[in-house]
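Comments concern the structure below.
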Amino acid sequence: MSEILKARNLTKIYSLGGLFSRTKITAVDRISFSIQPAEIFTLAGESGCGKTTTARMILGFEYPTAGELLYEDQNLVELRDKKAWFKKVQAVFQNPFETFNPLRKVEDYFFETIQNFHLDKNERETEELIEEKLQAVGLSLCDIAGKYPGELSGGQLQRASIARSLLTNPSLLIADEPVSMVDASLRMSVVNLFRKMCDSFQVSVIYITHDLATAYYISDRIAIMFRGHIVETGPVDQVLENPKHPYTKLLIESIPQPDPQIPEKAAIQFLEEKEEYLRKGCKFSGRCPEVMEICKQQVPEDTSLDGTVVKCHLYQK
């Protein structure tokens, strides 16, 4: 089965303090992964780990400093027909109230998308297409007709955002923290939509989140990111049920337990991003409970282990 998207040694470097600054941060550091057809691949990690920067490069909002992004063996950086690419890849962002202009009716975005990508044939077929995509997320054209974003709930607006992204029949959907601004009672209904997109429309999803609970629920594979590196990747049940990297273990331990009889673990410690990004060797060495001297000097290589890939000196010969 051929991959939808491949990243090879993808790298993004920013200069702090301006273009000619000598201080540079590698926000994404030589990461590699692939997306299979009709699968949900999750990029997970704390804020500032590089997952959103990765998404922005895939969407063309940022250009890689080095490495390759390949879609069906085409280098996206060299792709001339950007409009054709945006027809194949769509995005759902964190805050639906920022996705939609509060002064424009929600339905206008649907008709505008159809017009921009030349999908319309006549008025009846246009409305049928919009209705089909809205029905797929549990809405109808009547639910949004004549309404402004403020007249819909956050859950309704996020579902409308997902429906709009499906109008072009994309093969890849990038969902960046899509439920973090939605009420807890509605989160699972929105998350379930992404699984439905895979099963019903054969859409692959890159799900970006810091929430391991929802990641475990819907993902096929997961990549744990920390300060620009993918530190552990593999099937989601293998990574989250049998974690290898100390950072993955720490993330899982920091999840609050619903059982009051279980002692509360210490919350994950957040350090200044710049300090860890500029650290020599393993970026996690400053707070790793199993740190060794080599960790402070040398970036570990990727090691295949029990169906996962781990970037850690603990598992290198």
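Just so it is clear: in the sequence shown, position 23 is 940 by my numbering, and no numbers are missing.
Built from N, CA and C at the ideal position, the CB exists for glycine as well.
- Rounded to whole angstroms, the gap between the alpha carbons of Lys1197 and Asp990 is 34 Å.
- The beta carbons of Thr971 and Arg947 sit about 12 Å from each other, so the pair does not count as a contact at 8 Å.
- Under the three-state reduction of DSSP, Pro1163 is assigned to helix.
- Rounded to whole angstroms, the gap between the alpha carbons of Arg1104 and Phe1201 is 31 Å.
- Phe1028: member of the alpha helix (DSSP H) spanning 1023-1033, first to last residue.
- Cβ contact annotation for Glu1048 (same chain, cutoff 7 Å, sequence separation greater than five): Ser1057, Leu1058, in chain order.
- Counting only runs of at least 4 residues, the stretch 942-998 fully encloses the following alpha helix (DSSP H) elements, listed from N- to C-terminal order: 968-976.
- Bridge partners of Gly1151 according to DSSP: Ile1139.
- Within the stretch 1183-1224, the complete beta strand (DSSP E) runs of at least 3 residues fall at 1219-1222.
- When Cβ pairs closer than 8 Å are counted between the two stretches, the stretch 994-1006 is seen to touch the stretch 972-983, the count reaching three or more.
- For Tyr1026, the closest alpha carbon among the candidates Asp1128, Ala983, Val1153, Lys1064 is that of Lys1064.
- Shown here, Arg1104 sits in a helix according to DSSP, grouped into three states.
- By the Cβ test, the stretch 1092-1108 is not in contact with the stretch 919-933, since fewer than three Cβ pairs between them sit closer than 8 Å.
- In chain order, Pro1163 place their CB closer than 6 Å to the CB of Cys1205, counting only its own chain and leaving out the 5 sequence neighbours on each side.
- Around the Cβ of Ser1082, a 10 Å sphere holds 16 or more other Cβ atoms; the residue is buried.
- One thing to note: Gln1007 has its Cβ within 7 Å of the Cβ of Leu1090.
- Judged by DSSP in its simplified three-state form, His1230 adopts helix.
- Taking C-beta atoms as the reference points, Thr940 and Ile930 fail to come closer than 7 Å.
- By the beta-carbon neighbour count (other beta carbons within 10 angstroms, threshold 16), Glu1024 is buried.
- Between Asp998 and the set Phe1034, Ile1172, Gly1071, the nearest pair of CA atoms involves Phe1034.
- At the C-beta level, Thr1225 and Val1148 stay beyond 7 Å of one another.
- The Cβ-Cβ distance between Phe958 and Ile1123 falls below 7 Å.
- In terms of Cα proximity to Lys1022, the closest of Leu1074, Gly962, Asp1100 is Leu1074.
- Between the stretch 1124-1132 and the stretch 960-971 there are three or more inter-stretch CB-CB distances shorter than 8 Å, so the stretches are counted as touching.
- Where Gln1073 is concerned, the enclosing alpha helix (DSSP H) starts and stops at 1071-1082.
- In this structure, Ser1088 and Lys1161 do not form a Cβ contact; the two beta carbons are roughly 32 Å apart against a cut-off of 8 Å.
- By the criterion of a C-beta distance shorter than 8 Å, Leu933 is surrounded in its chain by Thr940, Lys941, Ile942, Lys1191, once the five residues flanking it on both sides are discounted.
- According to the DSSP secondary-structure assignment, Arg925 is paired through a beta bridge with Glu985.
- Gly1072 sits close to Val1099, with the two beta carbons spaced by under 7 Å.
- Cα atoms of Gly984 and His1146: separation of roughly 14 Å, rounded to the nearest angstrom.
- When secondary structure is reduced to three states using DSSP, Tyr1065 falls in the coil class, being assigned neither helix nor strand.
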